[in-house]
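*Asks:* Below you will find the structure I want to go over with you.
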Amino acid sequence: MYIFKKTADIQQYLQRLRSEGNIIGFAPTMGALHAGHVSLIQAAKQRGNTTVSSIFVNPTQFDNKTDLDKYPRTLDTDIQLLEAAGCDILFAPDVSEVYPPDLQTNLSIDLQGMDNRLEGSFRPGHFQGMIQVVKRLLDIVQPQYLYMGQKDFQQQRIVQHMITQLQLPVQLVRCPIIREPDGLAMSSRNVHLKPDERLLAPTLSKVLFEARSNAPTTTLQTVKQQAITALQQIPQLTLDYLEVIDGNTLQPLNEWTDSDFIVICTTVRLGFIRLLDNVIVKEHGNWCQ
Ligand code: AMP
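Okay, so the sequence shown: first residue is 154 according to this note's numbering, each after it adds one.
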């Protein structure tokens, strides 16, 4: 695996690969990699892409300095994991490479309120910072395919919106959530869970799976309320939100018949850790299980 730290170097190398006819697939990350990240690399390889990953803890998407400072950084083991996964190229830049002082990287795209809902209402400015870095990395890497996880459903939806608005020549591929054997969605932040919190954490996915399996036979409002009640019953757990949304607009729904693409998104806090999860209940008009 080739590792680049400088923007100019990776640009030059990728330019050559593109001119030789390679198809570039890109999976941006913030490091502290796990099997969820590896699945993005595997998806790119399955498509025959030359695979590029990036590790960059983007300061502009953190509204909380402590969260930024505490974000796990494990570059050496990340490199081993990427090499084992067959990743071709890693871009691991410093902040000054991504945001040179003389470069205007701020974006002004109307996110149609998608950035203020769900995660956005708990993390002001997060999605503006996120699209800023994704756009900058896309400009540098210029991939034909961009691989992102369903785990961050709102994030990939907002990135798709940006791609559409700016008519960027890249196809977003949404990859399924990779889970621990007990159902907990893998996340870099899981390492911070205390042992008792780790034991409780799979409740989130259990509640979501149950909601999804009840959906075809129970009203949306009942399914939603049952899920909220189940989460609120656990004293150690604080529910930030649980919403049944349209997967395209991210707007809340009242009835299962209101959309062909329905997702239940939730975030809870367990101690100091926020756990995100979601399930797709209906896609292309079909129930999912
Ligand atoms: P992060 O490093 O957390 O910013 O995530 C980088 C990419 O990996 C994003 O597209 C995430 O959605 C994706 N990702 C994170 N966790 C998982 C997971 N458990 N399964 C699949 N993709 C994931």
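Cβ atoms here follow ideal geometry from the backbone N, Cα and C, with glycine treated the same way. Just so we're clear, the structure is a prediction, and the values are computed from it rather than from any experiment.
(1) With hydrogens ignored, establish whether the beta-carbon of S274 is closer than 7 Å to any heavy atom of the ligand AMP.
(2) Determine the extent of the alpha helix (DSSP H) in which R422 is found, giving its start and end residues.
(3) Consult DSSP for D430 and reduce its assignment to one of helix, strand or coil.
(4) Using a 10 Å radius around the Cβ and a threshold of 16 neighbouring Cβ atoms, would you call K218 buried or exposed?
(5) Cβ of S206 within 7 Å of any heavy atom in the ligand AMP?
(6) What ranges does the beta strand (DSSP E) occupy inside the region 261-333, keeping only unbroken runs of at least 3 residues that lie completely in it?
(7) Skipping 5 residues on each side, what residues in its chain have a beta carbon closer than 7 Å to that of A197?
(8) Using only the alpha-carbon positions, how far apart do V483 and K158 sit?
(9) On the DSSP letters alone, give me the boundaries of the beta strand (DSSP E) that V397 sits inside.
(10) Would you mind reading off the limits of the beta strand (DSSP E) that contains P348?
(11) Would you call the region 235-252 and the region 279-290 in contact, with 3 or more CB pairs under 8 Å?
(12) Would you mind stating whether L337 and P355 have Cβ atoms separated by less than 8 Å?
(13) Taking one C-beta from the region 324-339 and one from the region 403-414 each time, how about it: are there three or more such pairs within less than 8 Å?
(14) Have a look at I208, S192, V294 and Y394 and flag the residue whose alpha-carbon is nearest the alpha-carbon of E272.
(15) Is it the case that the CB of G178 approaches a heavy atom of the ligand AMP more closely than 7 Å?
(16) Helix, strand or coil for A245? Go by DSSP, reduced to three states.
(17) Using DSSP's beta-bridge definition, name the partner residues of A238.
(18) What I want to know is whether the C-beta of T371 ends up closer than 7 Å to one or more non-hydrogen atoms of the ligand AMP.
(19) Rounded to a whole number of angstroms, what is the C-alpha to C-alpha distance between I375 and K435?
(20) Taking L390 and L423 to be in contact with their CB atoms under 8 Å, please state how far apart those CB atoms are, rounded to whole angstroms.
(21) To which residues does DSSP link I177 through a beta bridge?
(22) Would you kindly work out how many angstroms separate the C-alpha atoms of G201 and R169, rounded to a whole number?
(23) On the three-state DSSP scale, how would you describe P254?
(24) State yes or no: is the C-beta of C240 nearer than 7 Å to some heavy atom of the ligand AMP?
(25) Would L228 pass as an interface residue toward chain D - the criterion being a Cβ-Cβ separation below 8 Å?
(26) DSSP three-state call for N367: helix, strand or coil?
(27) Measure the alpha-carbon distance for P296 versus N175 and round it to whole angstroms.
(28) Quick check: the Cα distance between N269 and E173, rounded to an integer number of angstroms?
(29) Given a cut-off of 8 Å on the beta-carbon distance, is the pair G444 and D231 in contact?
(30) Give the DSSP-derived three-state secondary structure of P212 in the structure shown.
*Replies:* In short, the structure shows the following:
(1) Position 121 of the sequence shown, counted from the first residue, corresponds to residue 274. No, since every heavy atom of the ligand AMP falls outside the 7 Å radius drawn around the Cβ of S274.
(2) Numbered from its first residue, the sequence shown carries residue 422 at position 269. Judged by DSSP secondary structure, R422 falls outside any alpha helix (DSSP H) and instead within the beta strand (DSSP E) spanning I415 to L423.
(3) Reading the sequence shown from its first residue, position 277 is the one you call residue 430. When secondary structure is reduced to three states using DSSP, D430 falls in the strand class.
(4) For the purposes of this step, residue 218 is taken as residue 65 along the sequence shown, with counting starting at 1. Burial call: exposed.
(5) Sequence index remark: in the sequence shown, residue 206 carries index 53 (1-based). S206: no, Cβ never under 7 Å from the ligand AMP.
(6) Whole beta strand (DSSP E) segments, 3+ residues: 298-302 and 324-328.
(7) Sequence index remark: in the sequence shown, residue 197 carries index 44 (1-based). Closer than 7 Å at the Cβ level, and outside the excluded window around A197, lie G178, A180, T204, Y298 and Y300.
(8) Any answer about residue 483 is impossible in this case: the structure gives the chain only from 154 up to 442.
(9) Here residue 397 is taken as the residue at index 244 of the sequence shown, counted from 1. L390 to D399 is the extent of the beta strand (DSSP E) around V397.
(10) For this step, residue 348 is matched to residue 195 along the sequence shown. Note, P348: premise wrong, no beta strand (DSSP E); alpha helix (DSSP H) at P348 to L353.
(11) Judged by Cβ distances under 8 Å, the region 235-252 makes contact with the region 279-290, as three or more pairs qualify.
(12) Reading the sequence shown from its first residue, position 184 is the one you call residue 337. Reading the sequence shown from its first residue, position 202 is the one you call residue 355. Yes, the Cβ-Cβ distance between L337 and P355 is below 8 Å.
(13) Judged by Cβ distances under 8 Å, the region 324-339 makes no contact with the region 403-414, as fewer than three pairs qualify.
(14) One-based indexing of the sequence shown puts residue 272 at position 119. Here the closest residue by C-alpha is Y394.
(15) To locate residue 178, count along the sequence shown from 1; it is residue 25. No.
(16) Along the sequence shown, read from residue 1 onward, the residue named residue 245 stands at position 92. Looking at A245 - three-state DSSP - the assignment turns out to be coil, as it is neither helix nor strand.
(17) For this step, residue 238 is matched to residue 85 along the sequence shown. According to DSSP, which records beta bridges pairwise, A238 is partnered with nothing at all.
(18) Within the sequence shown, the letter at position 218 stands for residue 371. The beta carbon of T371 sits no closer than 7 Å to any heavy atom of the ligand AMP.
(19) Numbered from 1 along the sequence shown, position 222 holds the residue referred to as residue 375. Numbered from 1 along the sequence shown, position 282 holds the residue referred to as residue 435. Contrary to the premise, residue 375 reads as Thr rather than Ile in this sequence. Whole-angstrom Cα-Cα distance: 17 Å.
(20) By 1-based counting over the sequence shown, the position of residue 390 is 237. By 1-based counting over the sequence shown, the position of residue 423 is 270. A Cβ-Cβ separation of about 6 Å places L390 in contact with L423 under the 8 Å criterion.
(21) Mapped onto the sequence shown, residue 177 falls at position 24. Note: I177 sits in a beta bridge opposite T203.
(22) Counting from one through the sequence shown, the residue named residue 201 turns up at place 48. Counting from one through the sequence shown, the residue named residue 169 turns up at place 16. Using only the alpha carbons, I get a separation of about 17 Å.
(23) Counting from one through the sequence shown, the residue named residue 254 turns up at place 101. If DSSP states are grouped into helix, strand and coil, P254 belongs with coil.
(24) Along the sequence shown, read from residue 1 onward, the residue named residue 240 stands at position 87. Every heavy atom of the ligand AMP is 7 Å or more from the Cβ of C240, so no.
(25) Among the chains of the structure shown, chain D does not appear; only one protein chain is present.
(26) Indexing the sequence shown from 1 puts residue 367 at position 214. Looking at N367 - three-state DSSP - the assignment turns out to be helix.
(27) Translated into the one-based positions of the sequence shown, residue 296 becomes position 143. Translated into the one-based positions of the sequence shown, residue 175 becomes position 22. Rounded to whole angstroms, P296 and N175 show a C-alpha spacing of 10 Å.
(28) Counted from its first residue, the sequence shown places residue 269 at position 116. Counted from its first residue, the sequence shown places residue 173 at position 20. If I take the Cα positions, the gap works out to 42 Å.
(29) Residue 444 is absent from the model: the chain starts at 154 and stops at 442.
(30) The residue labelled residue 212 in the question sits at position 59 within the sequence shown. In the structure shown, P212 sits in a helix (DSSP, three-state: H, G or I).
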